[in-house]
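Residue numbers (my numbering): 1 to 295.
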């Protein structure tokens with residue numbers, strides 16, 4: 001459900017953290033300017049969480065709630081475990097959940113593969129998000145592709161093979177949205193860490209996942225080309241080429257022909273394709289989220 005969070009809070013006394021026996025904070029100087037840093041910090045190797053404490057009484061913390069609670073990021077937090085993770089994290093920062101303001105957040109799910117191919121293969125079938133194009137996601141230590149992402153102004157859509165990314169021995173697909181600007185979630189009441197305990201907000205986040213999934217254009221190689229009309233066959237064949245789609249998109253500032261062909265392409269896939277990737281994923285996201293919410 002909820003994974004990464006970037007949090008911020010105003011604190012009463014930075015010395016309370018600096019003198020802590022529980023966490024070894026590090027003070028230092030900037031490498032280039034040699035001036036003292038305006039904060040001290042701690043990095044947790046187990047959770048990959050990073051805490052900064054400002055000398056002028058502020059705190060920032062970035063962490064995956066799943067990693068904080070489970071020490072891995074391939075198990076999705078159930079609702080009950082989410083609550084435990086939130087209170088445990090707040091306690092570790094000597095604050096209450098409603099004192100920790102959310103600056104950015106990531107919601108998503110790890111989905112077992114139910115289709116007839118692996119997770120990495122599925123990501124190669126992602127053509128567009130609305131009229132935007134996907135980029136390759138690479139594994140940091142090997143630079144090999146693990147999936148696709150689409151960078152937008154307020155958020156990033158990612159779909160990738162958790163199997164490849166985390167070196168798992170079973171097939172797992174990760175679908176997530178990383179919100180960079182909280183304005184994207186303005187129709188919710190999500191402001192602080194405590195607000196993630198409200199099931200209405202969690203359902204709102206699920207709706208966002210489904211809403212964006214509906215806008216992804218997937219290819220399907222099971223379409224029987226011989227059964228298509230000549231105009232349909234031309235669109236189906238041409239749209240397999242990213243070069244063609246980009247040229248089509250750039251040919252018209254209003255993108256009318258691009259949008260027309262995109263609609264026709266999706267109609268062809270929906271009518272003739274056998275994989276049914278999009279409806280399968282939408283059902284899986286909705287059912288998995290609901291099960292986690294009830295657990």
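Just so it is clear, CB atoms sit at the ideal spot from N, CA and C, and this is done for glycine as well.
Check: Secondary structure at residue 252, three-state DSSP: helix, strand or coil?
Finding: coil
Check: Cα separation between residue 17 and residue 41?
Finding: 10 Å
Checklist line | DSSP beta-bridge partners of residue 136 | finding: 148
Check: What's the C-alpha gap between residue 218 and residue 236?
Finding: Approximately 12 Å, taken between the alpha carbons.
Next item on the list: Following the continuous alpha helix (DSSP H) through residue 289, name the residue where it begins and the one where it ends.
Entry: 277-293
Note to self: Tell me the DSSP secondary structure of residue 164 in three-state form.
What the structure shows: helix
Checklist line | Unbroken alpha helix (DSSP H) run spanning residue 236, endpoints | finding: 230-238
Margin query: Please report the straight-line C-alpha distance between residue 243 and residue 159, rounded to a whole angstrom.
Written below: Each residue's Cα considered, the two are about 21 Å apart.
Next item on the list: Determine the DSSP secondary structure at residue 243, reduced to helix, strand or coil.
Entry: It is helical.
Check: Is it the case that the Cβ atoms of residue 261 and residue 248 are separated by a distance below 8 Å?
Finding: yes
Checklist line | Nearest-angstrom Cα separation, counted from residue 233 out to residue 225 | finding: So the alpha carbons of these two residues sit roughly 6 Å apart.
Note to self: Based on DSSP bridge pairs, tell me the residues matched to residue 126.
What the structure shows: 218
Notebook entry, point to check: Would you call the stretch 176-195 and the stretch 129-148 touching, i.e. three or more CB-CB distances under 8 Å?
Noted result: A contact is defined here as three or more CB-CB pairs under 8 Å, and the stretch 176-195 fails this definition with respect to the stretch 129-148.
Notebook entry, point to check: In this structure, does DSSP put residue 20 in helix, strand or coil?
Noted result: coil
Notebook entry, point to check: Going by the CB atoms, is the gap between residue 100 and residue 3 shorter than 8 Å?
Noted result: no
Margin query: Helix, strand or coil for residue 112? Go by DSSP, reduced to three states.
Written below: strand
Margin query: Is it the case that the stretch 202-217 contacts the stretch 117-135, given that we only count it when at least three CB pairs across the two stretches are under 8 Å?
Written below: yes
Note to self: Let me confirm a value: residue 245 is counted as buried when at least 16 other C-beta atoms fall within 10 Å, else exposed. Which label applies?
What the structure shows: Here residue 245 is buried, its C-beta having at least 16 other C-beta atoms within 10 Å.
Notebook entry, point to check: Going by other Cβ atoms of all chains shown within 10 Å of its Cβ, with 16 needed for buried, is residue 274 buried or exposed?
Noted result: Residue 274 comes out exposed.
Next item on the list: Output the boundary residues of the alpha helix (DSSP H) element that contains residue 67.
Entry: 65-70
Check: Which of helix, strand or coil does DSSP assign to residue 213?
Finding: helix
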